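Structure first, then comments.
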Amino acid sequence: MAQPVNGPGRRSTSRESGVLAEEAYHAIKRSIIRCELEPGQQVTEEQLGARFGVGRAAVRTALKRLYQERLIHGLSRNRHVIAPITLKHVNELFDVRLLLEPPAARMAAARIDADLLRRLEELCGARYEIGNRESAADFLAANTEFHATIAEASGNSMLADMVRDLLDKVERVHHMSHLLHDRNEEAFHEHYDLLEALTARDGERAERVMAEQIRAARTFVIEAMLASAAVQTVNVAPGNHGT
Numbered sequence: 001m002a003q004p005v006n007g008p009g010r011r012s013t014s015r016e017s018g019v020l021a022e023e024a025y026h027a028i029k030r031s032i033i034r035c036e037l038e039p040g041q042q043v044t045e046e047q048l049g050a051r052f053g054v055g056r057a058a059v060r061t062a063l064k065r066l067y068q069e070r071l072i073h074g075l076s077r078n079r080h081v082i083a084p085i086t087l088k089h090v091n092e093l094f095d096v097r098l099l100l101e102p103p104a105a106r107m108a109a110a111r112i113d114a115d116l117l118r119r120l121e122e123l124c125g126a127r128y129e130i131g132n133r134e135s136a137a138d139f140l141a142a143n144t145e146f147h148a149t150i151a152e153a154s155g156n157s158m159l160a161d162m163v164r165d166l167l168d169k170v171e172r173v174h175h176m177s178h179l180l181h182d183r184n185e186e187a188f189h190e191h192y193d194l195l196e197a198l199t200a201r202d203g204e205r206a207e208r209v210m211a212e213q214i215r216a217a218r219t220f221v222i223e224a225m226l227a228s229a230a231v232q233t234v235n236v237a238p239g240n241h242g243t
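Each residue of the sequence shown is one higher than the one before, counting from 1 in the UniProt record's numbering.
This is the structure:
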């Protein structure tokens, strides 16, 4: 169960409304990304307020941002639905990843420093247990940080921000598939291949390896979705699964 953003003994009236809204936004978003608030689940402002320990004003402010990020849709004035995850949505996410992340990896190979390389090596060691939501969450957070760090190393702050926003949505998709299937070894070797290319300052190889990994991840996610009840709408173009 999600933890209230107000800890024990703390009164919401003692906090600035803007701070509460910010905390509510991050708490609700985290629950959406981790699929604790499930795709397609209907919620009300009262339910969200009770779950996260904040008032309706803070919830409404948080929802405005989540609407802009397309993580929540409206059904009525006080009823909302967590954005479904569809095959069309998944393919669009991975299409945009292929546009942004391989060039970012190529740029990073020329600019990355020793501190970021050490950070990437640390993140490569993340693993998870199938069916264990907490270990999957830790693994996927490390995976997101790995890819976001490479984008940061590109030296292009706008590109890094776009990749970070995209990776939040990708992480939500991964939460469904990684709870059911073991991809520890594949992820470990893929990340180390990319780390080796970056360490060698080989931009062409880094770009190629990143693209290969994204295509492999797309295939893995789609196959996991097709094997589960998580798919909301089957809408995928022929031959668009990647290789």
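We treat Cβ as the ideally placed atom computed from N, Cα and C, and that holds for glycine. Predicted model, so just to flag it, every value in this text is computed and none were measured.
Sixteen is the threshold: when 16 or more other Cβ atoms of the shown chains lie within 10 Å of the Cβ of glycine 53, as they do, the residue is buried. If you look at glycine 53, you'll find it isn't in any alpha helix (DSSP H); DSSP assigns it neither H nor E. The count of Cβ pairs closer than 8 Å, one atom from the stretch 43–60 and one from the stretch 86–98, stays below three, leaving the stretches out of contact. Put simply, the backbone Cα of aspartate 95 is about 34 Å away from that of arginine 77. Under the DSSP assignment, threonine 144 falls outside any beta strand (DSSP E), being part of the alpha helix (DSSP H) whose first and last residues are 133–153. With a threshold of 16 other beta carbon atoms within 10 Å, isoleucine 214 meets it and is buried. In the pairwise beta carbon analysis, the stretch 180–198 is classified as touching the stretch 219–226: at least three pairs are separated by under 8 Å. The beta carbon of alanine 197 is closer than 7 Å to those of Ala109, Arg205, Ala206 and Val209 in its chain, skipping five residues each way along the sequence. Taking all protein chains in view, the Cβ of leucine 37 is crowded by 16 or more other Cβ atoms within 10 Å, so the residue is classified as buried.
Here leucine 98 has Ala211 and Ile214 as same chain residues with Cβ atoms under 7 Å from its own Cβ, once five neighbours each way along the sequence are excluded. Secondary structure note for threonine 219: its alpha helix (DSSP H) is the uninterrupted segment 203–226. Looking at the DSSP output, arginine 79 sits in a beta bridge with Thr44. Residue pairing by DSSP places histidine 174 opposite no residue, since no beta bridge is assigned to it. Note on geometry: alpha-carbon atoms of threonine 44 and histidine 73 lie some 12 Å from one another. In the displayed model, glycine 74 falls within a strand according to three-state DSSP.
The criterion of a C-beta distance shorter than 8 Å is not satisfied by lysine 29 and leucine 93. Arginine 56 and tyrosine 67 have their C-alpha atoms roughly 16 Å apart. If you look at aspartate 95, you'll find it in the alpha helix (DSSP H) that goes 87–111. Between alanine 151 and leucine 116, the beta carbon gap of about 11 Å keeps them out of contact (Cβ cut-off 8 Å).
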